[in-house]
Amino acid sequence: MTGSYLLNYREEMIFLVIGVLVVFPHAVEGSIKVAESYWTLKENELVVDEDMDKYGSKVLVPLVCGESFEGQEIIWKRDSRDKLPHKENKIFVIVEERQGGTYTCYSKEEKYLNHTLVLVQWRYRKIIKGTPEEGYIHCSTNNYSGFFQCFWTWDERRAGKVEFIKITRSHTAGNISCSLNSSAGSITCQDHAYCPYAEEIERINLTIYFRSNFVIETYYLQFRISDIVRPDMVHINKKNNILELNYPESWSTPFSYFPLTFQVKEIRCQKKRGCDCSIRRSSKVDLTQEQQWPFKKGVTVCVRAQDELSNSSWGEWNQYKCKKEECKRTNKKKDGLK
């Protein structure tokens, strides 16, 4: 059995308009109008895309049990409880404000035939946290493998969930799959056709539909892998008085084809405050592609990396601070040379 379908044929629309006059004769004279904008989110799910924000807003939404049931006597129920007065295959139901519902149709013997979940598009941003300036969904990847993750933060006042994910490339359908992570606050995606050695021309178009009760909120992002790449922490090793800055193990190879730029700064840490590389205590910040940095006594060296060939985000800071025993050995060596 296929899901309920939207009315695509002219003759069906004529039938439905006549149905408004018959089933809801008061609607023509009253304030209830026929919904002009509605679409199928996925099988058996219909989204009403009308301005339903005002108190008491109502629209008439057309539903169809199924093509093969035309001419049969149909029993309709809302949320499997409330029996509707309609007995036709094609009917209108009243949707008020943000109150949707599941409309199920049965044969006259009350055998299940089909159902449609009616949802309402919500133009506000309530289900997840964020701002238009800072964004609501944030995507990142630590290399050019074609894998990436997208994160968001639920508003604890809403019982939100992911209803549907749509992801394509700009001009082609692409071959991208996404799965919801166990935390339910992120998704992991893979572009199966992605080639890290070719120029990435087409952008990824990601649309996530979030649902709370019968409300749907739509969030849209567009990006390239190169826009969201963010290297993991740089590995720092000390050899004599030189710090070796090593590429993250997760970074793409060969490194000559995927070069990184290092941002380095030296800070003096206070015992009470500790060492926080993200706090600007040093006005001098150096950029280098070199993987060696001279170590100085009494300072903490902070290092992070960025893809040299794109203007994407910097990775997280890593730091190296001389340990007491190590510093003592260094000082003894220096004293012996005097």
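In the numbering used here, the protein residues as written are 10 to 347.
For glycine and all other residues, C-beta sits at the position ideal for the given N, C-alpha and C.
query: Curious, which full-length beta strand (DSSP E) runs of at least 3 residues does the region 181 to 215 contain?; result: 185 to 189, 195 to 200
query: Got a sec? Which residues, its chain only, sit under 6 Å from CYS74 by beta carbon, not counting five neighbours each side?; result: ILE83, ASN98, CYS114, LEU122, ASN123
query: In terms of DSSP beta bridges, what is GLN108 paired with?; result: GLU105
query: Thinking TYR112 and ARG87 are a contact (beta carbons under 8 Å), I'd like their distance in whole angstroms, please.; result: 6 Å
query: For the alpha helix (DSSP H) containing SER322, list its first residue and its last residue.; result: That residue, SER322, is in no alpha helix (DSSP H); it is neither H nor E in DSSP.
query: Are the Cβ atoms of ILE137 and TYR145 separated by less than 7 Å?; result: yes
query: Using CA atoms only, rank isn't needed, just tell me which of VAL102, VAL238, THR162, PHE264 is closest to ALA44.; result: VAL102
query: At which residues does the beta strand (DSSP E) containing SER149 begin and terminate?; result: 147 to 149
query: Could you pull the DSSP bridge partners for LYS120 from this structure?; result: Looking at the DSSP assignment, LYS120 forms no beta bridge with any residue, so it has no partner.
query: Is the number of C-beta pairs between the region 293 to 311 and the region 236 to 253 that are closer than 8 Å three or more?; result: yes
query: Indicate whether LEU254 and VAL312 have their beta-carbon atoms separated by less than 7 Å.; result: yes
query: For SER235, which three-state DSSP category applies?; result: helix
query: Compute the Euclidean distance between the alpha carbons of PHE160 and ASP236, then round it to the nearest angstrom.; result: 16 Å
query: PHE78 by DSSP, collapsed to three states: which one?; result: helix
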